[in-house]
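Protein sequences, first through last, are from chains A and B. Under the working numbering, residue 918 is the last one in the first sequence; the count climbs by one each step, no gaps. Under the working numbering, residue 405 is the last one in the second sequence; the count climbs by one each step, no gaps.
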Amino acid sequence: MIDWLIEPLQYAFVVRGLVAGLLAAVACASLSAFVVWRGMAFVGDALAHAILPGIVVAYALGISLFIGALGAAVLAVFGIGLFSRRGHLREDTAIGVIFAGFFALGIFLLSRMVSFQDLGHILFGNILGVAAGDLVAMAIVVALVIAGVAVGFKELLVTSFDPSHAVAIGLSPELLRYGLLMLLALTTVVAIQTVGVVLVLALLVTPGAAASMISRQMVRIMGLSIVFAIVATIVGFYASYYANVASGSAIVLSLTVIFLVAWGVGQRRRSASYGG
Amino acid sequence: MKILTRLQYGGSCHIPAVPDTAALSVRGVSFLYHGASEETLSAVDLDVSPGERVALVGPNGAGKSTLLKLVLGLEQHTRGTISVYGNPAHTCLHRVSIVPQRSSVDWRFPVTVRQVVMMGRYVHLGWFKRPDGEDRDRVETALEMMEIGHLGDRQVGELSGGQQQRVMLARSLAHDADLMLMDEPLNHVDISTQELIFHTLERLTAAGKAAIVSTHDLGILSVHFSRAVFLDHRVIADGPVREVLTPQTIAEAYGFEFHKDYPEGTSNDRLAH
Numbered sequence: 643m644i645d646w647l648i649e650p651l652q653y654a655f656v657v658r659g660l661v662a663g664l665l666a667a668v669a670c671a672s673l674s675a676f677v678v679w680r681g682m683a684f685v686g687d688a689l690a691h692a693i694l695p696g697i698v699v700a701y702a703l704g705i706s707l708f709i710g711a712l713g714a715a716v717l718a719v720f721g722i723g724l725f726s727r728r729g730h731l732r733e734d735t736a737i738g739v740i741f742a743g744f745f746a747l748g749i750f751l752l753s754r755m756v757s758f759q760d761l762g763h764i765l766f767g768n769i770l771g772v773a774a775g776d777l778v779a780m781a782i783v784v785a786l787v788i789a790g791v792a793v794g795f796k797e798l799l800v801t802s803f804d805p806s807h808a809v810a811i812g813l814s815p816e817l818l819r820y821g822l823l824m825l826l827a828l829t830t831v832v833a834i835q836t837v838g839v840v841l842v843l844a845l846l847v848t849p850g851a852a853a854s855m856i857s858r859q860m861v862r863i864m865g866l867s868i869v870f871a872i873v874a875t876i877v878g879f880y881a882s883y884y885a886n887v888a889s890g891s892a893i894v895l896s897l898t899v900i901f902l903v904a905w906g907v908g909q910r911r912r913s914a915s916y917g918g
Numbered sequence: 133m134k135i136l137t138r139l140q141y142g143g144s145c146h147i148p149a150v151p152d153t154a155a156l157s158v159r160g161v162s163f164l165y166h167g168a169s170e171e172t173l174s175a176v177d178l179d180v181s182p183g184e185r186v187a188l189v190g191p192n193g194a195g196k197s198t199l200l201k202l203v204l205g206l207e208q209h210t211r212g213t214i215s216v217y218g219n220p221a222h223t224c225l226h227r228v229s230i231v232p233q234r235s236s237v238d239w240r241f242p243v244t245v246r247q248v249v250m251m252g253r254y255v256h257l258g259w260f261k262r263p264d265g266e267d268r269d270r271v272e273t274a275l276e277m278m279e280i281g282h283l284g285d286r287q288v289g290e291l292s293g294g295q296q297q298r299v300m301l302a303r304s305l306a307h308d309a310d311l312m313l314m315d316e317p318l319n320h321v322d323i324s325t326q327e328l329i330f331h332t333l334e335r336l337t338a339a340g341k342a343a344i345v346s347t348h349d350l351g352i353l354s355v356h357f358s359r360a361v362f363l364d365h366r367v368i369a370d371g372p373v374r375e376v377l378t379p380q381t382i383a384e385a386y387g388f389e390f391h392k393d394y395p396e397g398t399s400n401d402r403l404a405h
C-alpha cells in the first residue's frame, strides 16, 4: 500500500503536479464558501473563462500569466459593471455577453499564437506540466488569497449579510466585491494548471456546497471546504496516475462524490433533528 | 487616491459632537434617483433633538427609506445639507446606526446571532483589528437586553421575524450610536417584540439618544411616539402626534380624498373642498 502511494512520487514532475494541485485546492476552497453563499457561482465561472485572452497574451509575451489574467479580469469586471449599471441590462445578461466574448477572443488568440496542444492544457489542465518556477508563483498567489480572505473576513461577512449596515459603517460593498473578484481571478490561474478553465467552477463551488450540507458556520464551512478539496485532489491525483485518466476530471469527480456523500449526511441529520 | 479613502473605515472618531446641536439636522434636502423624472424628496427640512423619538410616517414610496439612506450615505442627495450632532453627515460613522428594511438583508447567509450583533462593533474596530473582551461584553449585554442571549449561537436565518428584528436592534445597541435609524422595524414582528423594541427605545431616548423610526402603521403612533413627521416626497406635517394625526394629514400623505363627513372640527379648509 505504502509502495503504491510512494511510487508516483519518485518523479519530480509528478510531485510538482501534486503540490500544484494542492495549492489550487486550498486557494479555491478558501474562497468557495463566499462564492456559494454570495451567489457568485455564475460570475466565478464567467471570470474563469474571461481571463483566457489575458493568459494567452501573457504567454505569448513571456510575462507572468497572473498579470495577464488579472488584466483580463479587470477588463471583464469593468465591462460587466459598465453594461449592467443603471439598469440597462440585468447583471447576469452582461456577464453572459462579456464571458462568451472574452472566452472566444481567448480561443481566437490561442489558435493564432500557440499550438493546439496548449489549448487542451488550458481547457482541461495539465497537472504534470508544472515547472518549478510556476510553483513558487502559485504559492505566493495562494498565500495572497488566504491572507486576503483572513484580513477581510469580517468585512466580507458584513457586506454579504447586510450591505446597508456595511455602508453605514463606512465600507464599500462594491469595492469588496471587486476585491473578491480579483482574488477569484488569481485563484483561477492557479487552478487552470490542474483542472483547466472548463472545470475551475467545480473547485470554486463544490467544496463550499458540500461543506454547507454539513455545517452552517462560516469558518467551519471554509475549513471543511479546504479539507474536501485537498482529499479530492489527492484521490484524483492517484486515480489519474494509475488509471491514466485526465487529472482535472478525476479531481472534480472525487469532489462530486464528496458532495453527494455530504448531501446524504446532511439529509439524514435534518430528518433526525425533525424526528427528535 | 480616492480608492484608498473609500477603503478606509472604522476606528475611533476624534471629532467631538458640537454641544447643544440637533442630533440630526436636514436642511432643504432634495433627491432625484438617476433617470427618474420626479424628485423622491424635495426640499425636506427636519430637526431631531437628542432624546427625541420620532416616527417617520408615509405610504410606501413616500421617500422614508430614501431619507434614511441619505443620512447614512447609501445615496447622495442632490441639494441641501445634512448634519449629525453639528458635523456634516458621515463625519463620525459610529454616531449613526441603522436597523435596515428586512428585504435588504440576506437572511440565508450563514452567520450566527452573535456574529451579527458583533457587526455593530466593527465600526469601532476597522480593518485588521479583532474584537476584544470589551467588544464581546457589549455584545452579550446587547443580547441580554433584547432577551435573546440563549439564541447567540443559532443561525440568524433560522429565527422568527420577531427574533431577527431583536437581533438587528441588539446590533444597534452594540454599535452604541447616538442617532438610531430604524426602517420599518415592525413588519412581521410579534406583539411582545414590538413592545420590547419600544421599551428599549424609550429607555435609550430617556438617556439622551435620538431615534427615528419609519413606519406606515398609524396605530402605533399615539402610544409610542411623542412626535410624528408625515412624509410624501416633502414634509406634510411635523409635530406632536396628537396634533398632526388628523384625517386631513393622513389623507394628504396617503393620497386619498378627504371627505366632508368626518366629525366636526377636524375639517381643514384647504383640503375640504
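C-beta: ideal position from N, C-alpha, C; glycine also. All figures in this text were calculated on a predicted structure; none of them were measured in a lab.
Contact with chain A by residue 405 of chain B, beta-carbon distance below 8 angstroms: Only weak support is given to the placement of residue 405 of chain B: the predicted model assigns it a pLDDT of 40, under 50, and the value that follows is read from those uncertain coordinates. So, not an interface residue.
Straight-line gap, residue 792 of chain A to residue 363 of chain B (C-alpha atoms, nearest Å): 44 angstroms
Chain-ordered residues of the segment 857 to 869 of chain A with a beta carbon less than 7 angstroms from chain B: Residues 858, 859, 860, 863.
Residues within the segment 781 to 809 of chain A neighbouring chain B, beta-carbon criterion of under 9 angstroms: Here the close residues are 793, 794, 796, 797, 799, 800, 802, 803, 804, 805, 806, 807, 808, 809.
Closer than 8 angstroms to chain B by CB, residue 811 of chain A: yes
Distance between beta carbons of residue 158 of chain B and residue 357 of chain B, contact taken as under 8 angstroms: About 18 angstroms separates the two Cβ atoms, so there is no contact after all.
Alpha-carbon to alpha-carbon, residue 852 of chain A and residue 905 of chain A: Rounded to the nearest angstrom, the two C-alpha atoms are 7 angstroms apart.
Chain-ordered neighbours of residue 679 of chain A on chain C, where CB pairs are closer than 9 angstroms: Structure shown: chain C not included; protein chains present are A and B.
Own chain residues within Cβ distance below 7 angstroms of residue 300 of chain B, not counting five before or after: A distance below 7 angstroms between beta-carbons, with the five flanking residues on each side excluded, links residue 300 of chain B to the following residues of its chain, in chain order: 231.
Close-in-space but distant-in-sequence residues of the same chain around residue 240 of chain B (CB under 7 angstroms, 5 per side omitted): 289
Residue interval of the alpha helix (DSSP H) (run including residue 311 of chain B): Premise fails: residue 311 of chain B lies in the beta strand (DSSP E), 311 to 315, not in any alpha helix (DSSP H).
Residues in the segment 188 to 218 of chain B having any Cβ partner in chain A nearer than 7 angstroms: 204, 205, 206
Neighbour flag for residue 362 of chain B against chain A, beta carbons, 8 angstroms: no
Cβ neighbours of residue 718 of chain A in the same chain (closer than 7 angstroms, five flanking residues each side left out): 689, 692, 740, 744
Straight-line gap, residue 315 of chain B to residue 168 of chain B (C-alpha atoms, nearest Å): 23 angstroms
Near-chain A residues of the segment 281 to 292 of chain B - C-beta to any C-beta below 7 angstroms: 287
Residue 311 of chain B at chain A interface by Cβ criterion, 8 angstroms: no
Cβ distance (whole Å) where residue 149 of chain B is taken to contact residue 217 of chain B below 8 angstroms: 4 angstroms
C-alpha distance - residue 643 of chain A paired with residue 880 of chain A, whole-angstrom precision: Using only the alpha carbons, I get a separation of about 12 angstroms.
C-beta neighbour in chain A for residue 386 of chain B, strict 8 angstroms: no
Neighbour flag for residue 230 of chain B against chain A, beta carbons, 8 angstroms: yes
Any C-beta of chain A under 8 angstroms from that of residue 254 of chain B: Yes - at least one Cβ of chain A is within 8 angstroms of the one on residue 254 of chain B.
Beta-carbon proximity of residue 307 of chain B to residue 265 of chain B, cut-off 8 angstroms: For the 8 angstroms CB-CB criterion, residue 307 of chain B and residue 265 of chain B do not form a contact.
Test item: CB-CB of residue 141 of chain B and residue 812 of chain A under 8 angstroms: In this structure, residue 812 of chain A lies closer than 8 angstroms to residue 141 of chain B by Cβ.
Short CB-CB distance (under 8 angstroms) between residue 382 of chain B and chain A: Residue 382 of chain B is outside the set of residues whose beta carbon lies under 8 angstroms from a beta carbon in chain A.
Chain A within 8 angstroms of residue 225 of chain B, Cβ atoms only: yes
Nearest neighbour of residue 209 of chain B, chosen from B:333, B:344, B:278, B:172 [CA to CA]: B:172
Buried/exposed call for residue 280 of chain B, threshold 16 Cβ in 10 Å: Buried.
Reduced DSSP secondary structure (H/G/I, E/B, other) of residue 397 of chain B: Note on residue 397 of chain B: pLDDT 47, under 50, position unreliable in the model; the coordinate value appears next. Three-state result, residue 397 of chain B: coil.
Length at least 4, wholly inside the segment 269 to 320 of chain B: the alpha helix (DSSP H) runs in chain order: 293 to 307
Candidates A:850, A:660, A:731: closest to residue 767 of chain A by CA position: A:660
Contacts that residue 326 of chain B makes with chain A (C-beta to C-beta distance below 9 angstroms): By Cβ distance, chain A contributes nothing, its closest Cβ being about 21 angstroms from residue 326 of chain B, past 9 angstroms.
Alpha-carbon spacing of residue 920 of chain A relative to residue 704 of chain A, whole angstroms: Outside the displayed span of chain A (643 to 918) sits residue 920 of chain A, for which this structure offers no information.
Own chain residues within Cβ distance below 8 angstroms of residue 854 of chain A, not counting five before or after: 675, 678, 679, 863
CA nearest to the CA of residue 147 of chain B, picked from B:268, B:348, B:368, B:227: B:227
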